[in-house]
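Have a look at the structure below before the remarks.
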Amino acid sequence: MLHSASLLLVSLLAALPVNADGLYTKNSPVIQLNPKTYNSLIANSNYTSIVEFYAPWCGHCKSLKPAYEKAAKNLDGLAKVAAINCDDDENKPFCGQMGVQGFPTLKIVTPSKKPGKPRVEDYQGARSAKGIVDAVVDRIPNHVKRATDKDLDKWLGQNEDRPKAILFTEKGTTGALIRALAVDFLGAIDIAQVRNKESASVKKFDVTEFPTLVLIPSADAEPKIYAGDLKKKPITEFLSQAAAPNPDASPRSASNSKPKPKQKSKPASKPTSVVDDAEDLKPTASQGQDETDPSEKPVQVPIPAPAIPTLATPESVESACLTPKSGTCVLVILPETSEPDAALPAHATEALASIAEIRHKHALRGTHLFPLYAVPAINTASKTLREALELADGQTVEIIALNARRGWWRRFSGADADFGAVAVESWVDAIRLGDGTKEKLPEGIVVGVEAESEAEVKPEAEAEVEPEAETVEAEAETKAETEEQGAEHDEL
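Those letters in the sequence shown? Residues -20 to -1, 1 to 472, by mature numbering (1 follows the signal peptide of the UniProt record, and there is no 0).
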């Protein structure tokens, strides 16, 4: 009798519906999505987001959960961290539409100039909280004006009916926190950043310490100096005296943060030390909930990035990149494998994925980019290039750029073998802009011509950047930010 009752209980439990939340509970800092809320919370948002596509039974997904939730806490108020359960029947078609082929798949969604049509790219970096946070922070949009003594008054005169805030700082880069605040108040408060070396502007607002945040509620109002903790929540409350933040503010921040209409302003004093406020904030069950139109359809997204072309023979390498008239091209020289059909090591796969994603991004934008190719180890040109350029042995992937016409080459050297899309794209952008050091191509590399010993490596910033190439200030500043290793993301 007892045995029969046990069997009945097991049967009843098996018949219960699977928890739609999957790995993440309602109290998780990770926003839980379905196809409809993806459209409203992510695709139409002013914020950068990262979305995990997972299955509850996936071992790698379970292993990622602690780091992903930690990343969500650290990015609170800066960006959105979300997840969707692809094992749920309601979500399966959408996951397929997003090009998900394995679990977990992480995609970073960045707002574009076209509402509802964000840029979607695969995250190929380290599966750690720091790796995820750094990659997302790099992509936070920059709506902060970099003002100087020459143009500050002109900026102040624009949109005179709109409040303005100015951050006076010693830093030359725009931090994640001030960029996130500019997203919060986009269209409500214009925000600028002024370096301490702009003496006329500093004197105009009687600034004596850095960083100092000044709020100008209106053109005829007295400026107010913020004297509180350098954390997002109190700064948001201070700015809210002049205008309310956008309703698109992250769900947790929007539900918990109540503006104080009569915030006291104090004379400039030494700001409180910056600390990471992620530990002070506790997630709420309200995150991930949103009222949507039942008839609303999920946003259409691009197909996954196609693989880059492969140069399988020495002749194909020569004709593509090594003739006297060949311009810039990038080669991913692949490592040797134990068997012809054996899978490539992880770092090589990551390098290929990063290069493919960059190529695909430029194709979608319609911007010029030099050709990018893969060179397998079976191609003898692979060994020739490794020896001539004194690269690592055949066990390691190498990414090089070369220009036979101008006689130079460059090698990608990712820190700690980081072949993620962020690091590789920064390297590619530097080549497009003519930045960085180039090495002279050794004699004998270029076919059909003898290299002259007195040939010099020529800079080609103008040659590599086509007129239609995008030079967005936000992307340039994002690149500069990645160079500050270990910087706190909640600093002004």
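Heads up, the beta-carbon is just placed ideally off N, CA and C, and yes, glycines get one too.
Reduced DSSP category for residue i - H, G, I as helix; E, B as strand; rest coil
i	result
Q12	strand
E419	strand
C66	coil
N383	strand
K87	strand
D170	strand
A224	coil
W135	helix
L261	For L261, the pLDDT reaches just 29, beneath the cut-off of 50, and the residue's location in the model is therefore unreliable, although a value from the coordinates is still provided. If DSSP states are grouped into helix, strand and coil, L261 belongs with coil.
A156	helix
Y353	strand
K240	Low confidence applies here, because K240 scores a pLDDT of 42, under 50, leaving its location unreliable and the question unanswered by this model.
K184	helix
L3	coil
I288	coil
T376	coil
K45	helix
K204	strand
CB contact flag (residue i, residue j, <9 Å)
i	j	result
A222	P143	yes
A401	T303	no
R391	F350	no
A62	L21	yes
V377	A331	yes
E146	A115	Per the sequence shown, residue 146 should be read as Ile rather than Glu. Contact flag unset, no.
K341	R99	yes
A361	P294	yes
Q138	D186	no
I11	K87	no
A333	D67	no
A109	K50	yes
Y4	K45	yes
Closest Cα partner of residue i within the set the options
i	options	result
P15	R339, N65, T28	N65
S406	A35, R119, G137	R119
G152	K183, K184, P191, D114	P191
P36	N19, N359, D102, G2	G2
T308	E316, S299, C38, V10	S299
T317	C38, A59, Q375, N19	Q375
A292	P227, G96, K50, A354	A354
A47	L344, K6, V113	V113
A403	I335, T329, T28	I335
P227	K6, P9, N26	N26
G39	T85, P9, M78, A59	T85
V408	V312, R386, D209	V312
R159	V117, E178, S43, P356	V117
Cα-Cα separation between residue i and residue j, rounded to whole angstroms
i	j	result
I425	C41	46 Å
T290	E337	15 Å
L365	L371	8 Å
D398	G57	27 Å
I380	G416	13 Å
N71	F83	14 Å
V163	G155	13 Å
K204	P73	52 Å
K97	N122	18 Å
L157	L55	10 Å
S237	E217	The pLDDT assigned to S237 is 38, lower than 50, so where the model puts this residue is not dependable, and the model offers no usable value.
residue 536	L195	Given a span of -20 to 472 for the chain in the structure shown, any question on residue 536 remains unanswerable.
T188	F165	26 Å
P325	L382	25 Å
L13	L352	36 Å
K213	S220	11 Å
N24	P91	8 Å
P197	T17	35 Å
H327	E319	18 Å
A180	L132	10 Å
L193	V89	30 Å
Segment limits, alpha helix (DSSP H) that includes residue i
i	result
E405	401 to 412
Y34	Careful: Y34 lies outside any alpha helix (DSSP H), inside the beta strand (DSSP E) at 29 to 34.
residue 507	No answer is possible for residue 507: the residues shown for the chain start at -20 and end at 472.
D114	109 to 118
C301	294 to 301
L365	360 to 368
T329	326 to 345
P73	72 to 77
Terminal residues of the beta strand (DSSP E) in which residue i lies
i	result
V426	Segment: none, V426 is in no beta strand (DSSP E) and carries neither H nor E.
R142	Here R142 belongs to no beta strand (DSSP E), and DSSP marks it neither H nor E.
D102	99 to 102
K125	125 to 127
L311	308 to 313
L58	Taken as a continuous stretch (DSSP letters only), L58 belongs to no beta strand (DSSP E), as it is neither H nor E.
V194	192 to 196
W389	388 to 391
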